[in-house]
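Below is one structure, written out as structure tokens; comments come after it.
Protein chains: 2
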Amino acid sequence: MISDKMKTFVGSNSVIRQMFEEGKRLEKIYGKENVYDFSLGNPNVPAPEEVKNAIIKIVQEEEPVFLHGYMSNAGYEDVREKIADYINKNHGTNFGFKNIIMVAGAASGLNVVLKSILNPNDEVIVFAPYFSEYRSIAGNYDGKVVEVKPDTATFEPQLNEFENKINKNTKAVIINTPNNPTGVIYSEETLKNIAKILVKKETEIGHPIYLISDEPYRELVYDNTEVPYVTKYYKDTIIVYSYSKSLSLAGERIGYVAVPEELEDSKNMIEAITIANRILGTVNAPSLIQRVIPYCQEAKTNIEYYKKNRDLLYEILTENNFKCVKPQGAFYLFVKTPIDDKEFCNMAKKYNLLFVPGSAFACPRICKNSILCFT
Amino acid sequence: MISDKMKTFVGSNSVIRQMFEEGKRLEKIYGKENVYDFSLGNPNVPAPEEVKNAIIKIVQEEEPVFLHGYMSNAGYEDVREKIADYINKNHGTNFGFKNIIMVAGAASGLNVVLKSILNPNDEVIVFAPYFSEYRSIAGNYDGKVVEVKPDTATFEPQLNEFENKINKNTKAVIINTPNNPTGVIYSEETLKNIAKILVKKETEIGHPIYLISDEPYRELVYDNTEVPYVTKYYKDTIIVYSYSKSLSLAGERIGYVAVPEELEDSKNMIEAITIANRILGTVNAPSLIQRVIPYCQEAKTNIEYYKKNRDLLYEILTENNFKCVKPQGAFYLFVKTPIDDKEFCNMAKKYNLLFVPGSAFACPRICKNSILCFT
């Protein structure tokens with residue numbers, strides 16, 4: 000009695016989530032300290048102190064009817080205003096509160112955006128390796144994910160293939176930089192080239208192609224690498240941001256969608272995203288944690304901790320002849336496996352080591368390790 | 000460039016939400032104290048003190064990595080266990096943690112349930128007057144809402160018409176008791192009759208018909224009226240519960256779906272709902288507020304406040320020849336309008352009084368007043 004579509008989703012259930020559940024099962028048998036779970040992007044640096052202090056201050060000072068009640072489906076205006084100000088200050092944009100829609104994390108943000116734009120069989124281009132959840136989310140709206148193959152030497156996007164895959168059914172492109180699972184950050188040049196292709200193709204096919212920038216790892220960057228702000232290069236950009244990793248609040252479900260004024264059909268897009276937020280059942284991003292954000296925008300998670308893990312793990316692995324690109328951001332290592340990736344991950348499980356096979360990211364024979372758990 | 004489906008949703012945007020936004024506009028012009036907004040079911044009794052105390056205790060005592068991190072998509076097991084125990088104690092059920100899936104409020108619960116069961120053109124039966132959002136949520140999955148006409152004298156469900164409207168496409172029935180907008184509570188006899196019809200029809204058509212009980216108002220009951228627990232009468236029942244009204248936490252987005260063991264295909268249903276929770280982007284119900292629930296299950300919102308308003312408003316309105324059924328639960332009055340309901344609501348707006356026309360509930364010439372705002 001399960002719906003046909005849901006049966007497909009259940010059949011292709013997230014390998015990452017299955018590993019996470021497997022890890023919890025193993026922890027019950029062997030003890031938490033004996034299981035090394037590198038599966039899920041669950042921050043293990045605690046949320047900064049500012050979060051706790053803000054929560055206590057807010058529940059003590061604010062009127063509970065206001066604090067825990069409904070607000071506009073797009074979120075509290077004052078919170079959105081402060082987020083807009085913060086982005087403007089840091090990236091020279093000119094967002095107002097109207098350009099910011101609060102959502103329940105990036106996954107929810109991607110859902111409301113894709114629901115707002117996809118007709119059945121519309122295509123969404125992604126660059127492998129990519130977060131497999133994009134496939135489920137596009138599938139919710141009967142959209143088709145079109146993969147651009149990976150350049151496994153650099154994990155930079157293959158732009159020729161990208162250009163060739165754009166056609167009149169292309170509605171959107173998703174980029175994710177810093178990237179899950181490779182940690183690669185697209186350079187300004189790469190973004191300019193993507194923009195150039197999109198501008199040309201928009202004109203050719205006669206309708207906008209939205210560039211969706213999925214940015215949960217924007218703040219998690221090593222070695223002072225710059226993460227260019229995508230709206231500067233291409234006007235039809237939609238930013239999907241999450242505080243899951245930057246403030247270690249993954250379970251709280253808080254983020255935003257930013258829609259610039261310059262975007263084609265901007266006003267209707269903002270309205271559609273706001274209504275999608277309501278009818279998909281979130282109604283609004285959780286209220287208390289919305290109000291926490293303005294107190295914590297300058298707060299940072301302890302990036303040094305992730306960096307230490309990255310350096311340590313990268314060094315040991317490469318010393319032992321494993322190959323991987325040194326990540327500039329995010330908190331994963333995407334390592335080439337000497338044998339079939341699924342087999343490798345199964346063997347690792349015998350040592351209570353949980354990895355996600357690269358094939359879950361459309362990139363077989365490469366295995367994803369999150370670098371979270373090393374201390 | 001908005002998707003065709005989304006255009007339809009935007010076109011039929013919630014009258015209730017439009018009124019809420021209109022209220023905020025008027026407040027800016029005339030001042031908050033001069034606008035009487037009876038549109039949205041936004042609790043105006045504060046959350047009980049236990050909520051605040053629990054939040055402070057939890058953020059001070061629990062490990063932030065655990066407290067704000069991802070957990071299973073169905074929610075924290077210990078929280079689900081305590082909720083199951085509480086329901087079992089109060090209603091003689093035998094739920095375990097596995098039967099409880101934490102969701103981002105009832106709207107999210109309805110989404111994950113309907114996503115799990117509806118194929119395109121499957122039918123969902125609802126009893127008018129009904130919360131118009133059911134139409135949007137079923138529409139998300141290309142389901143069709145089939146209305147049973149209201150009995151405007153009592154607002155009890157018309158069971159003959161109900162039986163006649165069941166056919167092989169019927170996948171689910173939604174009931175909402177205590178009811179939004181009428182405040183009517185279905186009696187045990189009514190539920191037994193609904194169950195009898197469904198059992199007979201399930202056998203006739205050869206597949207289960209799920210009875211979805213949408214219960215955000217279960218705790219908001221006057222005059223000691225009993226609200227029977229629906230799983231006792233019909234095994235294929237799914238409970239969708241929300242703490243939005245019972246703990247005045249509407250903005251926090253917290254509730255659960257309860258799926259009994261006895262339900263047809265129970266194990267697959269639980270799995271599908273859990274995965275739907277993930278891929279619709281909620282991922283999991285917000286983490287901190289999940290952990291608050293076990294501390295507050297015995298806490299009650301101040302129902303006397305709503306009762307006083309109900310009594311006062313009911314008395315004044317009936318004295319002035321307005322007709323309405325005296326609500327036994329929830330916090331609305333569904334009042335017959337002497338003229339066309341939309342016209343009536345437009346006229347009321349001139350006095351900064353915001354009502355929702357009954358036609359928004361598939362019940363024209365009756366106007367919904369929430370009784371929240373009277374103090």
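First to last, the sequence lines map onto chains S and E. Going by numbering that gives the first Met the number 0, the first residue of the first sequence is number 0, and it counts up by one from there. Going by numbering that gives the first Met the number 0, the first residue of the second sequence is number 0, and it counts up by one from there. All C-beta atoms, glycine included, are put in the ideal place defined by N, C-alpha and C. Please read all numbers here as calculations on a predicted model, not as lab measurements.
Within 8 Å, do at least three Cβ pairs link the stretch 100-110 of chain E to the stretch 235-243 of chain E? Result yes; three or more Cβ-Cβ pairs closer than 8 Å.
Are the stretch 172-189 of chain S and the stretch 213-220 of chain S in contact at 8 Å, needing three or more beta carbon pairs? Flag = yes, the stretch 172-189 of chain S and the stretch 213-220 of chain S touch.
Residues that DSSP places opposite E:Lys-143 in a beta bridge: Translated into positions along the second sequence, residue 143 of chain E becomes position 144. DSSP lists E:Glu-122 as partners of E:Lys-143.
Alpha-carbon spacing of E:Val-324 relative to S:Asp-264, whole angstroms: What you label residue 324 of chain E is simply residue 325 of the second sequence in a count that begins at 1. What you label residue 264 of chain S is simply residue 265 of the first sequence in a count that begins at 1. Across the structure, E:Val-324 and S:Asp-264 are spaced so that their CA atoms are roughly 46 Å apart.
Rounding to the nearest angstrom, what Cα-Cα distance links E:Lys-335 and S:Ala-329 in this structure? As a position in the second sequence, residue 335 of chain E is number 336, starting the count at 1. As a position in the first sequence, residue 329 of chain S is number 330, starting the count at 1. Looking at the two C-alpha atoms, the distance is approximately 59 Å.
Can you list the residues of chain E that S:Ser-212 reaches, using a CB-CB cut of under 8 Å? As a position in the first sequence, residue 212 of chain S is number 213, starting the count at 1. Going along chain E, no residue has its Cβ under 8 Å from S:Ser-212, so there is no contact; the nearest lies around 17 Å.
Flag S:Ile-288 as yes if its beta-carbon sits less than 9 Å from any beta-carbon of chain E, otherwise no. Within the first sequence, residue 288 of chain S is the residue found at index 289, counting from 1. A Cβ of chain E is located within less than 9 Å of the beta carbon of S:Ile-288.
Does chain E have any CB closer than 9 Å to the CB of S:Tyr-346? Here residue 346 of chain S refers to the residue found at position 347 of the first sequence. A small fix is needed here, since residue 346 of chain S is Met in this sequence, not Tyr. For S:Met-346, the answer is no, since every Cβ of chain E falls outside 9 Å of its Cβ.
Cβ pair count under 8 Å reaching 3, the stretch 5-14 of chain E against the stretch 26-33 of chain S: Note that the stretch 5-14 of chain E does not touch the stretch 26-33 of chain S; fewer than 3 beta-carbon pairs, one per stretch, sit closer than 8 Å.
If we call anything under 9 Å between Cβ atoms a contact, is E:Asn-118 one with S:Ser-2? Residue 118 of chain E sits at position 119 when you count from the first residue of the second sequence. Residue 2 of chain S sits at position 3 when you count from the first residue of the first sequence. A Cβ-Cβ contact shorter than 9 Å links E:Asn-118 with S:Ser-2.
Take S:Thr-374 and list the residues in its own chain whose beta-carbon comes closer than 6 Å to its own, dropping the five residues that flank it on each side. The residue given as residue 374 of chain S occupies position 375 in the first sequence. Caution is warranted here: a pLDDT of 44 is assigned to S:Thr-374, below 50, making its placement in the model unreliable, and no coordinate value can be reported.
Mind reading off the beta-carbon distance from S:Pro-285 to S:Arg-252? Whole number of angstroms is fine, and I expect it under 8 Å. The count along the first sequence starts at 1 and reaches residue 285 of chain S at position 286. The count along the first sequence starts at 1 and reaches residue 252 of chain S at position 253. The pair is a contact, with the Cβ atoms about 6 Å apart (cut-off 8 Å).
Which residues of chain S have a Cβ atom closer than 9 Å to the Cβ of E:Ala-194, listed in chain order? Start at 1 with the first residue of the second sequence, and residue 194 of chain E comes out as number 195. Chain S residues near E:Ala-194: none, gap ~18 Å exceeds 9 Å.
Could you spell out where the alpha helix (DSSP H) holding S:Ser-265 opens and where it closes? If you number the first sequence from 1, residue 265 of chain S lands on position 266. That run of the alpha helix (DSSP H) goes 265-278.
Spell out whether any CB of chain E is found under 9 Å from the CB atom of S:Met-18. Mapped onto the first sequence, residue 18 of chain S falls at position 19. No Cβ of chain E is located within less than 9 Å of the beta carbon of S:Met-18.
Please classify S:Lys-299: does DSSP put it in a helix, a strand, or coil? On the first sequence, position 300 is the one that residue 299 of chain S refers to. Coil, per DSSP.
Which partner residues of E:Asp-213 appear in the DSSP bridge assignment? Position 214 of the second sequence holds residue 213 of chain E. Per DSSP, E:Val-239.
Using alpha carbons as the reference points, say which of E:Ile-204, E:Val-50, E:Asp-310 lies closest to E:Thr-300. Translated into positions along the second sequence, residue 300 of chain E becomes position 301. The shortest C-alpha separation from E:Thr-300 is found at E:Val-50.
Own chain residues within Cβ distance below 6 Å of E:Phe-354, not counting five before or after: In the second sequence, the residue the question calls residue 354 of chain E occupies position 355. Taking C-beta separations shorter than 6 Å and ignoring five residues to either side along the sequence, the partners of E:Phe-354 in its chain run Phe-37, Cys-344, Ala-347, Cys-366, Asn-368, following chain order.
Quick check: S:Val-198 and S:Val-125, are their CB atoms within less than 9 Å of each other? On the first sequence, position 199 is the one that residue 198 of chain S refers to. On the first sequence, position 126 is the one that residue 125 of chain S refers to. Using a Cβ distance threshold of 9 Å, S:Val-198 and S:Val-125 do not count as a contacting pair.
Using a C-beta cutoff of 9 Å, does E:Phe-377 count as contacting chain S? Only positions 0 to 374 of chain E appear in this structure, which leaves residue 377 of chain E out of reach.
Tell me whether the stretch 191-209 of chain E and the stretch 154-170 of chain E touch, counting them as touching only if at least three CB pairs, one residue from each stretch, are closer than 8 Å. Contact between the stretch 191-209 of chain E and the stretch 154-170 of chain E is present: three or more C-beta pairs spanning the two stretches fall below 8 Å.
Could you name each continuous alpha helix (DSSP H) segment of 4 residues or more that falls completely within the stretch 63-120 of chain S, going from the start of the chain to the end? Restricted to the stretch 63-120 of chain S, the alpha helix (DSSP H) segments that are unbroken, complete and at least 4 residues in length are 63-66, 76-90, 104-116, listed in chain order.
As assigned by DSSP and simplified to three states, the class of S:Glu-166: As a position in the first sequence, residue 166 of chain S is number 167, starting the count at 1. Per the sequence presented here, residue 166 of chain S reads as Asn, with Glu not at that position. Three-state result, S:Asn-166: coil.
What separation, rounded to the nearest whole angstrom, lies between the Cα atoms of S:Pro-63 and S:Ala-53? Here residue 63 of chain S corresponds to residue number 64 of the first sequence, with the count starting at 1. Here residue 53 of chain S corresponds to residue number 54 of the first sequence, with the count starting at 1. A straight line joining the alpha-carbon of S:Pro-63 with that of S:Ala-53 spans about 15 Å.
Can you check whether the C-beta of S:Asp-340 is within less than 9 Å of a C-beta belonging to chain E? Residue 340 of chain S sits at position 341 when you count from the first residue of the first sequence. S:Asp-340 has a beta carbon lying at 9 Å or more from every beta carbon in chain E.
Chain E contact for S:Val-282 (CB, 9 Å cutoff): Locating residue 282 of chain S in the first sequence gives position 283, where the first residue counts as 1. Proximity of S:Val-282 to chain E, defined by a Cβ-Cβ separation below 9 Å, is satisfied.
Of the residues E:Leu-332, E:Gly-254, E:His-67, the one placed nearest E:Cys-295, counting alpha carbons only: What you label residue 295 of chain E is simply residue 296 of the second sequence in a count that begins at 1. Closest by alpha carbon: E:Gly-254.
Could you check the C-alpha separation between E:Phe-19 and E:Glu-297 for me, to the nearest Å? As a working mapping, residue 19 of chain E is identified with position 20 in the second sequence. As a working mapping, residue 297 of chain E is identified with position 298 in the second sequence. Taking the straight line from one Cα to the other gives about 31 Å.
C-beta atoms of S:Phe-360 and S:Pro-128 nearer than 9 Å: Walking along the first sequence from the start, residue 360 of chain S turns up at place 361. Walking along the first sequence from the start, residue 128 of chain S turns up at place 129. Yes, the pair counts as a contact, with Cβ atoms nearer than the cut-off.
Boundaries (first-last residue) of the beta strand (DSSP E) holding S:Gly-254: Position 255 of the first sequence, counted from the first residue, corresponds to residue 254 of chain S. It spans 254-257 - the beta strand (DSSP E) in which S:Gly-254 sits, taken as one unbroken run.
Identify each residue in the stretch 67-89 of chain S for which the Cβ-Cβ distance to at least one residue of chain E is less than 8 Å, and report them in chain order. Those residues of the stretch 67-89 of chain S that come within reach of chain E (Cβ to Cβ, closer than 8 Å) are His-67, Gly-68, Tyr-69, Met-70, Ser-71, Asn-72.
What does a CB cutoff of less than 6 Å around S:Tyr-185 pick up in its chain, not counting 5 residues either side in sequence? One-based indexing of the first sequence puts residue 185 of chain S at position 186. So the list reads Thr-176, once near-sequence residues are dropped.
Please tell me whether E:Gln-59 has its Cβ less than 9 Å away from any Cβ of chain S. Reading the second sequence from its first residue, position 60 is the one you call residue 59 of chain E. Yes, contact with chain S.
Answer with buried or exposed for E:Arg-79, where buried requires no fewer than 16 other C-beta atoms within 10 angstroms of its C-beta. On the second sequence, position 80 is the one that residue 79 of chain E refers to. In the assembly as shown, E:Arg-79 is a buried residue. Its beta-carbon has 16 or more other beta-carbons within 10 Å.
Taking Cβ-Cβ distances below 9 Å as the criterion, which residues of the stretch 242-262 of chain E are in contact with chain S? Under the 9 Å Cβ criterion, the stretch 242-262 of chain E contributes Ser-243, Leu-246, Ser-247, Leu-248, Ala-249, Gly-250, Glu-251, Arg-252, Ile-253.
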